[in-house]
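Asker: So the sequence shown is residues -8 to 328, counted in this note's numbering.
Beta carbons are placed, not taken as given, at the ideal position from N, Cα and C, and that holds for glycine.
This structure is a prediction, so every number in the text was calculated from the model and none was measured.
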Amino acid sequence: MSLPDSAIDEAEKNLRDILEFAILHTQSALVIWDGQCDLSRALTAAYQRCLPDATFIDFDSTPVAAILAAFGQLSQGDLVVLIQSTSFRLDAFRLRVELFKRDLKVIEHPHLSRMPGAEALIYIESLAYDPVYYRGVGSALKARIDRAHTGTIESGGEKLIFSSGFEPAKLNVGDYSQMHNVGGQFPIGEVFTESRDLEAVNGRIRISIFGDTTFSVNKPAKPITLVVSKGRITEAFDSTPEFDRVLASIREHEGEVWLRELGFGLNRSYTQDRTVSDIGTFERMCGVHLSLGAKHGSYNKPNIRKSAAKYHVDVFAATGPVFLDDEMVYLDGRWLV
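1. Should Leu257 and Gly180 be called a contact, given that it needs their Cβ atoms to be closer than 9 Å?
2. For Glu245, count neighbouring Cβ atoms within 10 angstroms of its own Cβ and tell me buried if that reaches 16, exposed if not.
3. Just reading off the beta strand (DSSP E) that Gly254 is part of, what are its end residues?
4. Smallest Cα separation from Phe255: which of Asp269, Arg265, Val208 and Val328?
5. Could you tell me which residues DSSP pairs with Arg236 in its beta bridges?
6. May I have a chain-ordered list of the beta strand (DSSP E) segments no shorter than 3 residues that lie completely inside the segment 41 to 111?
7. Could you check what DSSP says for Phe157 in three-state terms: helix, strand or coil?
8. Can you tell which of Leu112, Leu15 and Ser104 has the C-alpha that lies nearest to the C-alpha of Lys96?
9. Name the one or two DSSP bridge partners that Phe228 has.
10. Indicate the three-state DSSP secondary structure (helix, strand or coil) for Gly194 in the structure shown.
11. With Leu118 as the anchor, note down where its alpha helix (DSSP H) starts and where it stops.
12. Taking DSSP as the reference, what is the three-state secondary structure of Glu247?
13. Pairs of beta-carbons, one from the segment 67 to 81 and one from the segment 13 to 28, closer than 8 Å: are there three or more?
14. Where do the ends of the alpha helix (DSSP H) carrying Glu11 lie?
15. Measure the alpha-carbon distance for Asp69 versus Val306 and round it to whole angstroms.
16. May I ask you to verify whether the segment 180 to 193 touches the segment 233 to 244, counting CB pairs closer than 8 Å and requiring at least 3?
17. With DSSP collapsed to three states, give me the class of Leu327.
18. DSSP has Gln176 in a bridge; who is on the other side?
19. Return helix, strand or coil for Gly284, following the three-state DSSP convention.
20. Suppose contacts are defined by Cβ-Cβ distances below 9 Å. Is Arg265 in contact with Ile113 by that definition?
21. Could you tell me the alpha carbon to alpha carbon distance between Leu315 and Ser260, rounded to whole angstroms?
22. What do you reckon, are the CB atoms on Ala119 and Asp8 nearer than 9 Å?
23. Please classify Thr262 as buried or exposed, where buried requires at least 16 neighbouring CB atoms within 10 angstroms.
24. With Phe183 as the anchor, note down where its beta strand (DSSP E) starts and where it stops.
25. Would you call the CB atoms of Val164 and Asn193 closer than 9 Å?
26. On the three-state DSSP scale, how would you describe Ile200?
27. Apart from the five residues just before and just after Ala37, which ones in its own chain have a Cβ nearer than 6 Å to its Cβ?
28. Using only the alpha-carbon positions, how far apart do Ala13 and Glu226 sit?
29. Tell me the rounded alpha-carbon separation between Glu158 and Asp29.
30. Among Asp229, Phe206, Gly222 and Gly202, which one has its Cα closest to the Cα of Ile215?
31. Per the DSSP calculation, Lys278 is bridged to which residue(s)?
32. Tell me whether Leu34 sits in a helix, a strand or coil according to DSSP, three-state version.
33. Identify the continuous beta strand (DSSP E) that holds Gly271 and give its terminal residues.
See the structure below:
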């Protein structure tokens, strides 16, 4: 069943704000879309209202050569929007990477078919762009992370301690003024880093949600307690068969399970109890997430060989208070900076 007109109205408002305040769109636009799910059709309709002069191309009925030719007609600073029920494939052409190389702005909406019905409505809500909140809280968190010597995440009586400080934090808050590339995957809302010394992370943390082997949000009946020793997962209590499969896959290919990313999600449309199925979208959830596996492309570490790093599995903490040094920065679902 198609989404209601009110959902398209809400999508139109949210996308207008993204275009105006985040992307700063003023030039030509090309929208590549498919009609394989209700959410992709709803977003396409909303973009047609926001970008009435744009060129719209149906991915499923257009030859690859014609799509590539359309990219070739664009000028530096033009916008490409990708509305994808799954993820567009153009032979060896890596879409977002290649478009950024051409100095084009990009808004990407992937894996929309994973979020049907009520989840589609949550997704549309999560596109709302509040620059004061995202940029204010995001910048404050980055500043606090960058000067912190230690960090502590409490969860259900457990503590995970980062004792060596953090890598310079990176922002995904819709402010591209200091970045070479403009745009990325939407919705947005995240500040992320990792321990400066990966082995300086120890303790326990309770995981309430994780990304499973199908890249879907998996919420076990009871949180799983992870034991972390020198930056590696050594035990998992109250685990589930699916989480065991995740750990087994990582160990099979990487030998051990590193804990790398420390992400502070800002998107208030997603909570522990208000989820969508696509893990890449839910990653923006307001709260704390971490990654399991050696892969984290934003930071290089001497003890991680990039060629051997294959896994980056997002897991979400049942988060209590979060401290940077002795300052509490998160409590009861809210950032306090």
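Answerer: Taking the structure as given:
1. Sequence index remark: in the sequence shown, residue 257 carries index 266 (1-based). Sequence index remark: in the sequence shown, residue 180 carries index 189 (1-based). In this structure, Gly180 lies closer than 9 Å to Leu257 by Cβ.
2. In the sequence shown, residue 245 corresponds to position 254, counting from 1. Under the 10 Å beta carbon count, Glu245 is surrounded by 16 or more other beta carbons and is classified as buried.
3. Start at 1 with the first residue of the sequence shown, and residue 254 comes out as number 263. Residues Leu250 to Gly256.
4. For the purposes of this step, residue 255 is taken as the residue at position 264 of the sequence shown. Shortest Cα-Cα distance from Phe255 to any of Asp269, Arg265, Val208 and Val328 involves Val328.
5. Taking the first residue of the sequence shown as 1, we reach residue 236 at position 245. Arg236 is not bridged by DSSP to any residue.
6. DSSP runs (the beta strand (DSSP E)) wholly in the segment 41 to 111: 46 to 49, 70 to 74 and 96 to 100.
7. Translated into the one-based positions of the sequence shown, residue 157 becomes position 166. In the structure shown, Phe157 sits in a strand (DSSP, three-state: E or B).
8. Mapped onto the sequence shown, residue 96 falls at position 105. Ranking the options by Cα distance to Lys96, first place goes to Leu15.
9. Translated into positions along the sequence shown, residue 228 becomes position 237. According to DSSP, which records beta bridges pairwise, Phe228 is partnered with Thr216.
10. Here residue 194 corresponds to residue number 203 of the sequence shown, with the count starting at 1. Collapsing the DSSP output to three states places Gly194 in a strand.
11. Taking the first residue of the sequence shown as 1, we reach residue 118 at position 127. Here Leu118 belongs to no alpha helix (DSSP H), and DSSP marks it neither H nor E.
12. Working through the sequence shown from its first residue, we reach residue 247 at position 256. If DSSP states are grouped into helix, strand and coil, Glu247 belongs with coil.
13. Contact between the segment 67 to 81 and the segment 13 to 28 is present, because at least three Cβ pairs lie under 8 Å.
14. The residue given as residue 11 occupies position 20 in the sequence shown. Counting along the chain, Glu11 sits inside no alpha helix (DSSP H), nor does DSSP assign it H or E at all.
15. Walking along the sequence shown from the start, residue 69 turns up at place 78. Walking along the sequence shown from the start, residue 306 turns up at place 315. About 36 Å.
16. In short, these stretches do not touch, since the Cβ pair count stays below three.
17. Taking the sequence shown and counting its residues from 1, one reaches residue 327 at position 336. DSSP, read as helix, strand or coil, puts Leu327 in coil.
18. For the purposes of this step, residue 176 is taken as the residue at position 185 of the sequence shown. Beta-bridge pairing links Gln176 to Glu99.
19. Residue mapping note: residue 284 aligns to position 293 of the sequence shown, counting from 1. Reduced to three states, the DSSP call for Gly284 is coil.
20. Counting from one through the sequence shown, the residue named residue 265 turns up at place 274. Counting from one through the sequence shown, the residue named residue 113 turns up at place 122. Remark: C-beta atoms of Arg265 and Ile113 approach each other more closely than 9 Å.
21. Numbered from 1 along the sequence shown, position 324 holds the residue referred to as residue 315. Numbered from 1 along the sequence shown, position 269 holds the residue referred to as residue 260. Separation of Leu315 and Ser260 (C-alpha to C-alpha, rounded to the nearest whole angstrom) is 25 Å.
22. Along the sequence shown, one-based indexing puts residue 119 at 128. Along the sequence shown, one-based indexing puts residue 8 at 17. Yes, they are a contact pair.
23. By one-based count along the sequence shown, residue 262 stands at place 271. Counting the other CB atoms within 10 Å of its CB gives Thr262 a total below 16, which places it among the exposed residues.
24. Here residue 183 refers to the residue found at position 192 of the sequence shown. First-last of the beta strand (DSSP E) with Phe183: Glu181 to Glu185.
25. Mapped onto the sequence shown, residue 164 falls at position 173. Mapped onto the sequence shown, residue 193 falls at position 202. No, they are not a contact pair.
26. Locating residue 200 in the sequence shown gives position 209, counting from the first residue. Shown here, Ile200 sits in a strand according to DSSP, grouped into three states.
27. On the sequence shown, residue 37 is found 46 positions in, with the first residue counted as 1. Counting only Cβ-Cβ distances below 6 Å, and skipping sequence neighbours, we find Ile(-1), Ala2, Glu3 and Leu6.
28. As a working mapping, residue 13 is identified with position 22 in the sequence shown. As a working mapping, residue 226 is identified with position 235 in the sequence shown. Spanning the two alpha carbons is a distance of roughly 42 Å.
29. Working through the sequence shown from its first residue, we reach residue 158 at position 167. Working through the sequence shown from its first residue, we reach residue 29 at position 38. So the two alpha carbons sit approximately 40 Å from each other.
30. On the sequence shown, residue 215 is found 224 positions in, with the first residue counted as 1. Of the candidates Asp229, Phe206, Gly222 and Gly202, the one whose C-alpha sits nearest the C-alpha of Ile215 is Asp229.
31. Looking up residue 278 in the sequence shown gives position 287. Residue 278 is actually Gly in this sequence, not Lys. Answer is Gly256.
32. For the purposes of this step, residue 34 is identified with residue 43 of the sequence shown, where counting begins at 1. Leu34: helix per DSSP, three-state reduction.
33. Within the sequence shown, residue 271 is the residue found at index 280, counting from 1. From DSSP, Gly271 is part of no beta strand (DSSP E) but of the alpha helix (DSSP H) over Ile270 to Phe273.
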